[in-house]
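Colleague: One structure, pasted below without further comment.
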Ligand SMILES: Nc1ncnc2c1ncn2[C@@H]1O[C@H](COP(=O)(O)OP(=O)(O)O)[C@@H](O)[C@H]1O
Ligand SMILES: Nc1ncnc2c1ncn2[C@@H]1O[C@H](COP(=O)(O)OP(=O)(O)O)[C@@H](O)[C@H]1O
Ligand SMILES: [Mg+2]
Ligand SMILES: [Mg+2]
Ligand SMILES: [Mg+2]
Ligand SMILES: [Mg+2]
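Residue numbers (my numbering), protein chains in the order written: chain Z, 1 to 210; chain G, 211 to 420; chain U, 421 to 760; chain P, 761 to 1100.
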């Protein structure tokens, strides 16, 4: 995988958050302030544009640019969280031109660590971490087990989707939804939902090219 | 007829505007500001209370008290108009203890003159005048023709009701409804409607006792 | 909480007491400026009567807050007579207000041109004259949505009322005599025009029902301030298109000289947030300048309202140096304050 | 007019441009006080930077107007960083604002406690520190509807923000140093509590849909300022009953000393008219006094809003002589002005 994988990942995210925009808005309206779809679309639209203007940067650098772009266009909670995530992930790759599955898993692990560090959320707090952490754990484990990347990524995406659905019965302890107290129970977390889209987008980007 | 006729008239008005309150509000909402029913009920409730506290005033004096009460409790356009009307009507009777049909017609004529003087509305302007003027004209004419009072009053009330309905196709030239221009066409004037109730109340008050 | 007490989207105890209770709160909040005469239902400037100062009173139906009670204080009104919601006050209120504020130099009645207000103020002025108080009356009629004609009730009084109260209040505070203060109000009224639009009706507490029904995506053009429908209904266009209509309506009637200095007043009807009012002001400012008119003063906010109606009005007042000076003079009321 | 452009009850051109267009209007109306830096989407006090004066900036999602842009000016904020509607601004805005206002004495970031605001301000403060600017950050969290706990995002920042900006702005204007100004904000935050209720949701322009659906006759108790649902829904009682809940929630958490002097701030959410806000103030004033607490200062109006939401919040700030003096000090902004 190389810079094209990252560009393709970002384009895949852009089109899937766009397609799910209203759904994300709806989820956020129920337990937040109804802007999550708008925020993600604004951010990844800008990312695709920024990467389109780039010529020849290595993949790690592209992730850093993407992260910066998210920080500088999204706002909200998701902007700094995903922005720092991609920047931290990008730093893992340094100036490498290509990277393999194990390295991809380390990129995601660094991204997750950054989200947890900045947002101080743990598994079960009903946030994006609930989709992100199982995805990272699954990817790492499957790759360590020697599974082919395509399959490992598909399982990681499934784990994210399961994590996303598992947010429904939870009571939120971070983010806006926590203001609702018990009323947050019974709703799927918007950030976990977009995170599942992001991991699924990665699976598509990484497998379509190989 | 005597003071009891006036008291009974005012009580009849009170109960009929109360019964028609929502209808008057609805008519006023369509082409005005939706308070005519509330205004009339507030006013005549106060009138009934004021007359209840009176002991032994002659009928003209009762009308003056009623008029003053309307002026001091109704506000809006209808307060000063009906207030002045009843005061002017009351002055016609001076200190008489009783009055006959012809004198009642003069009371109403003076009241109408007062409304027209203060409000400067003419027949056809889509106001209370459109119900009041035909009623006064009819009462005067029938009494001059020697018709019995009960019948004359019934015909006056019918004339008021016809005048009320005749306001529907008119474009308002006075009061709030005039702001609507052509959009006032097709609606019955609330003030003409309450005026028809007032004349009908008079017919009931004057005939029930004799 | 009792579910049956309140079926509107309103903070209410007894719908019939809403005006009195609101006035009580106004007085509690601004006891340094005004007092509430409960018996007469009037708001009176704390230090009234001021000997030798011409006094200004105004009044009208409630539901237009902060008008008029919020404009009682230094450099503006001496008293306000609030009627029931959308119902003009009764003459006794204006008479009591007139007597409470008369400092011997006379009292001006500022009356918005509605039949009810005009008639009730007329009766009050007659009573005041009987008691030997010099009263002048100025009727404000700045709403260009309504055709002025001998055969109608004439134009309504809307936004110019706020400007007239401020400007004439400054003149009175500065020592102008009754004729001069009266004339100042007339000048403001003569040089001001307004036009209002609504994106929703409002719900008077007494009836609990919207006065009219306006579907989303529609706009009432040429509305007044009583929740009444406007002159016509149209599909709701962009803010720029709506402001085009407002500016055109006002300017074509006012006909200010090219290069005129004006005060542009963008007023919210009660339910339109400041975010939008400033957006509208941006459009107004730009369009006026394009038309060769210079907004050198402005007022943006909800100052003459229709309960919770969504909507806005534009008032343009052509200024001269004297009016600018009076506008800039100190004012200290609940709703307008500067220079002090 | 094009029917398809605008299906909400809003004055809008392009929903995506509403914040920028509104800021343009704000700047057009108040060019004497502030300027709009379009590129960075920030509102900056006209005479910034002021050498030697501690500067105050705040920011957050838009839709809460006049907060924060309406509070930029003498004796209050030096700059405001408005994000999209209900979306916190990006760090670049706060960094640009910080650089624009730094007069060498340091810059205070006043941050309402929302994850998005906190994180974006944090990144900005780090960047500013990298550029050698002394920055302190105070997080406002006065909303008692939200339980404060190590395991939650903590209480929201609401009404106390307005009071903190005014009071700390006066301290900075008076020459207090960075530590003192920072401490003043912390004191205000420590001594203020708020509670909000909603009678309707609001409609963000981007989605065009109400965030939640609240039937007439129901009230959301414990709402914030982003149109989000509250802690619980209940049948809407009388104003007196609703105010009982608000006062009890605030006072039981604040626990002011008996005989305390307080500032009572009755805030409208955007769609509730002043008529009702004053009615609420009347209830608040009476109930506080009954509880042995004396409201010696007050603020009544729509100062921290949720677009056109119908609702209100109560903030009570326990005062001392120093806070009273700072509250009374001159302020000149678009939305708050006195003493000048
Ligand atoms: N402290 C946190 N840590 C991790 N994720 C969080 C945190 N706070 C919020 N989130 C995520 O952010 C999402 C909301 O994002 P968004 O709506 O864009 O921002 P905002 O809440 O500022 O409007 C939530 O659904 C949640 O998944
Ligand atoms: N100039 C006038 N002359 C006669 N009647 C009038 C005039 N103006 C208004 N009216 C009557 O008053 C009625 C409205 O009364 P009401 O609703 O109580 O007062 P307001 O219009 O002040 O709200 C109208 O329907 C009309 O019949
Ligand atoms: Mg959100
Ligand atoms: Mg009416
Ligand atoms: Mg009326
Ligand atoms: Mg948000």
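Here a beta-carbon is modelled for each residue, glycine too, at the ideal position from N, C-alpha and C. Fair warning: this is a prediction, and the values are worked out from it, not measured in the lab.
1. Would you identify the three-state DSSP class for residue 327 (chain G), choosing helix, strand or coil?
2. Give me the Cβ distance between residue 941 (chain P) and residue 868 (chain P), rounded to the nearest whole Å; I'm assuming they're in contact under 8 Å.
3. Could you tell me if residue 1018 (chain P) is buried or exposed, where buried requires 16 or more neighbouring beta carbons within 10 angstroms of its beta carbon?
4. Counting along the chain, where does the alpha helix (DSSP H) carrying residue 298 (chain G) start and finish?
5. In angstroms with no decimal places, state the Cα-to-Cα distance between residue 898 (chain P) and residue 237 (chain G).
6. With 16 as the cutoff for other CB atoms within 10 Å, does residue 308 (chain G) come out buried or exposed?
7. Do we get a CB-CB distance below 9 Å when we pair residue 717 (chain U) with the residues of chain G?
8. Taking the C-alpha atoms as reference points, what is the distance between residue 514 (chain U) and residue 174 (chain Z)?
9. Measuring only from the beta carbon, is residue 238 (chain G) closer than 8 Å to any heavy atom that is part of ligand 4?
10. Identify the continuous beta strand (DSSP E) that holds residue 978 (chain P) and give its terminal residues.
11. Going by DSSP in three states, residue 854 (chain P) sits in which element: helix, strand or coil?
12. Does the beta-carbon of residue 1047 (chain P) have 16 or more other beta-carbons within 10 angstroms, so that it is buried, or is it exposed?
13. Could you give the DSSP three-state label for residue 874 (chain P): helix, strand or coil?
14. Using a threshold of 8 Å, is the CB atom of residue 677 (chain U) nearer than that to any non-hydrogen atom of ligand 2?
15. By the 10 Å Cβ neighbour count, where 16 or more other Cβ atoms means buried, how is residue 907 (chain P) classified, buried or exposed?
16. Would you say the beta carbon of residue 913 (chain P) comes nearer than 8 Å to a heavy atom of ligand 1?
17. How long is the line joining the alpha carbons of residue 100 (chain Z) and residue 5 (chain Z), rounded to whole angstroms?
18. Suppose the cutoff is 8 Å on Cβ atoms and the five residues either side in sequence are ignored; what does the same chain contact list for residue 253 (chain Z) look like?
19. So which of G:254, G:245, G:391 has the shortest CA-CA distance to residue 218 (chain G)?
20. Pick from P:996, P:1058, P:1036, P:944: whose alpha carbon is nearest that of residue 1045 (chain P)?
21. So, do the stretch 663-675 of chain U and the stretch 750-760 of chain U have three or more beta carbon pairs nearer to each other than 8 Å?
22. What did DSSP end up calling residue 269 (chain G) once you bin it into helix, strand or coil?
23. Using three-state DSSP, classify residue 460 (chain U) as helix, strand or coil.
24. Where does the unbroken beta strand (DSSP E) through residue 681 (chain U) begin, and where does it stop?
25. Contact criterion: CB-CB distance below 9 Å. Does residue 773 (chain P) meet it with respect to chain Z?
26. With 16 as the cutoff for other CB atoms within 10 Å, does residue 14 (chain Z) come out buried or exposed?
27. Along the chain, which unbroken stretches of the alpha helix (DSSP H) at least 4 residues long are found entirely within the stretch 112-166 of chain Z?
28. CB of residue 752 (chain U) to nearest heavy atom of ligand 4: below 8 Å?
29. Please say whether residue 281 (chain G) and residue 433 (chain U) have beta carbons closer to each other than 9 Å?
30. Taking only heavy atoms of ligand 4 into account, decide whether any of them is closer than 8 Å to the Cβ of residue 949 (chain P).
31. Taking only runs that begin and end inside the stretch 432-503 of chain U, name each unbroken beta strand (DSSP E) of 3 or more residues, in chain order.
32. DSSP three-state label for residue 425 (chain U), please.
33. May I have the straight-line CA-CA distance separating residue 895 (chain P) from residue 799 (chain P), to the nearest angstrom?
34. Nearer than 8 Å: is that true of the beta carbon of residue 394 (chain G) relative to any heavy atom of ligand 5?
35. Look at residue 110 (chain Z) and residue 139 (chain Z) and say whether their C-beta atoms are less than 9 Å apart.
36. Confirm the yes/no value for this check: CB of residue 873 (chain P), any heavy atom of ligand 3, distance under 8 Å.
Modeller: Quick answer:
1. helix
2. 6 Å
3. exposed
4. 288-303
5. 57 Å
6. exposed
7. no
8. 58 Å
9. yes
10. 978-981
11. helix
12. buried
13. coil
14. no
15. exposed
16. yes
17. 11 Å
18. The structure shown does not extend to residue 253 (chain Z), since chain Z is modelled only from 1 through 210, so no value can be given for it.
19. G:254
20. P:1058
21. no
22. helix
23. coil
24. 681-688
25. no
26. buried
27. 129-144, 149-166
28. no
29. no
30. no
31. 454-457, 462-465, 475-482
32. Because residue 425 (chain U) sits at a pLDDT of 41, beneath the cut-off of 50, its placement in the model cannot be relied upon, and the point is left open.
33. 23 Å
34. no
35. no
36. no
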